[in-house]
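Working notes for the structure below.
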Amino acid sequence: MKPDPLQRPKRRQLILFTLGALSSPQSLAQSPNAPAVIPAQRPPALASLERFLKQVQSASVQVSLRQLRRDGETPRLGKASLQFQRPDRFRWDSQSPNDQLVLADGESLWIYDRDLEQVSLRPLRAALEGLPTGILLGSERVLEGFRFEGLPDSEGLQWLKATAMERQGLTDQIRIGFAQAMPQVLQLTDLGGRGMRYEFSNWQMGPIPAAQFRFVMPKGVDLIRMAR
2 MKPDPLQRPK RRQLILFTLG ALSSPQSLAQ SPNAPAVIPA QRPPALASLE RFLKQVQSAS
62 VQVSLRQLRR DGETPRLGKA SLQFQRPDRF RWDSQSPNDQ LVLADGESLW IYDRDLEQVS
122 LRPLRAALEG LPTGILLGSE RVLEGFRFEG LPDSEGLQWL KATAMERQGL TDQIRIGFAQ
182 AMPQVLQLTD LGGRGMRYEF SNWQMGPIPA AQFRFVMPKG VDLIRMAR
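In the working numbering, the protein residues as written are 2 to 229.
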């Protein structure tokens with residue numbers, strides 16, 4: 002049985018937050034410049050982010066998803082696996098809260114909703130317009146679009162706040178928590194203080210087979226082609 006169509010707006014919002022966490026349209030242009038830092042002292046977590054962007058070119062990781070609510074509660078939503086290869090390939094596979102595959106192959110973005118038995122296909126660059134710039138999977142140039150501020154350590158992590166110089170889409174603020182120079186938590190929040198928290202575990206660095214970034218069209222599902 003296919004899920005209630007009334008749930009589609011919530012599913013769409015979750016996809017937008019996920020794409021905001023993963024994708025990096027601005028990193029495809031622009032020449033490198035130093036990121037803006039507030040205050041003048043460079044936060045240690047910014048050095049960790051720069052090292053991660055430079056040294057980790059491909060990796061896989063397990064992700065736990067939590068909802069950020071205005072009352073401070075963070076109920077768990079589900080989990081997913083993520084594989085990526087900079088700058089424009091990633092594979093996000095989740096079974097809960099929605100059974101979905103989001104795959105970028107360098108040219109196109111495929112979103113396969115297994116519950117709805119539906120695949121949407123659109124050009125990668127057009128699909129990412131209007132979304133917050135991804136800050137973990139792009140190139141080092143992605144840092145140009147943000148102002149950075151160090152935050153007090155908490156949860157055993159060094160924290161960095163990133164605010165887009167030109168806010169796009171749903172996301173107002175990004176916070177990243179690092180341990181041993183690797184991102185452990187990514188939080189995306191909107192102007193209302195709501196958003197998503199992504200908790201990373203079991204990082205595996207190294208090449209990813211090319212087949213992981215090729216989408217194979219399932220039989221018997223609807224294909225929706227979109228211009229953007």
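We put the CB at the ideal spot given by N, CA and C, even for glycine.
For the beta strand (DSSP E) holding residue i, just list the boundary residues, first then last.
| i | result |
| --- | --- |
| residue 152 | 147-155 |
| residue 220 | Careful: residue 220 lies outside any beta strand (DSSP E) and carries neither H nor E. |
| residue 196 | 196-206 |
| residue 177 | 174-180 |
| residue 79 | 77-86 |
| residue 142 | Neither: residue 142 is in no beta strand (DSSP E) and is coded neither H nor E. |
| residue 91 | 90-97 |
Using a Cβ-Cβ cutoff of less than 7 Å, which residues in the same chain neighbour residue i once the five nearest sequence positions on both sides are dropped?
| i | result |
| --- | --- |
| residue 226 | 122 |
| residue 119 | 222, 223 and 225 |
| residue 194 | 71 |
| residue 215 | 106 |
| residue 204 | 60, 62 and 183 |
| residue 68 | 75, 76, 78 and 197 |
| residue 111 | 104, 120, 122 and 216 |
| residue 213 | 84 and 92 |
| residue 115 | 100 and 101 |
| residue 57 | 206 |
| residue 49 | 159, 179 and 182 |
Given a threshold of 16 other Cβ atoms within 10 Å of its Cβ, counted over all protein chains shown, does residue i qualify as buried or as exposed?
| i | result |
| --- | --- |
| residue 72 | exposed |
| residue 176 | buried |
| residue 1 | The question about residue 1 has no answer, for the chain in this structure spans 2 to 229. |
| residue 44 | buried |
| residue 139 | buried |
| residue 217 | exposed |
| residue 163 | buried |
| residue 117 | buried |
| residue 197 | buried |
| residue 99 | buried |
| residue 46 | buried |
| residue 104 | buried |
| residue 178 | buried |
| residue 188 | buried |
| residue 192 | exposed |
Counting along the chain, where does the alpha helix (DSSP H) carrying residue i start and finish?
| i | result |
| --- | --- |
| residue 52 | 45-56 |
Helix, strand or coil, according to DSSP, for residue i in the structure here?
| i | result |
| --- | --- |
| residue 165 | strand |
| residue 29 | With a pLDDT of only 37 at residue 29, under 50, the local geometry of the prediction cannot be trusted, and the value read off the model is given with reservation. In the structure shown, residue 29 sits in a helix (DSSP, three-state: H, G or I). |
| residue 123 | strand |
| residue 226 | strand |
| residue 188 | strand |
| residue 213 | helix |
| residue 42 | coil |
| residue 110 | strand |
| residue 67 | strand |
| residue 117 | coil |
Less than 6 Å between C-beta atoms, sequence neighbours within five positions excluded: which residues of the same chain meet that for residue i?
| i | result |
| --- | --- |
| residue 107 | 89 and 90 |
| residue 294 | A query on residue 294 cannot be resolved here, the shown segment of the chain reaching from 2 to 229 and no further. |
| residue 86 | 59 and 209 |
| residue 113 | 102 and 120 |
| residue 80 | 65 |
| residue 97 | 79 |
| residue 52 | 182 |
Would you say the beta carbon of residue i is closer than 7 Å to some non-hydrogen atom of the ligand MN?
| i | result |
| --- | --- |
| residue 126 | Summarising the ligand content, the structure contains no ligands, and the ligand MN is consequently not present. |
What does a CB cutoff of less than 8 Å around residue i pick up in its chain, not counting 5 residues either side in sequence?
| i | result |
| --- | --- |
| residue 154 | 160 |
| residue 157 | 180 |
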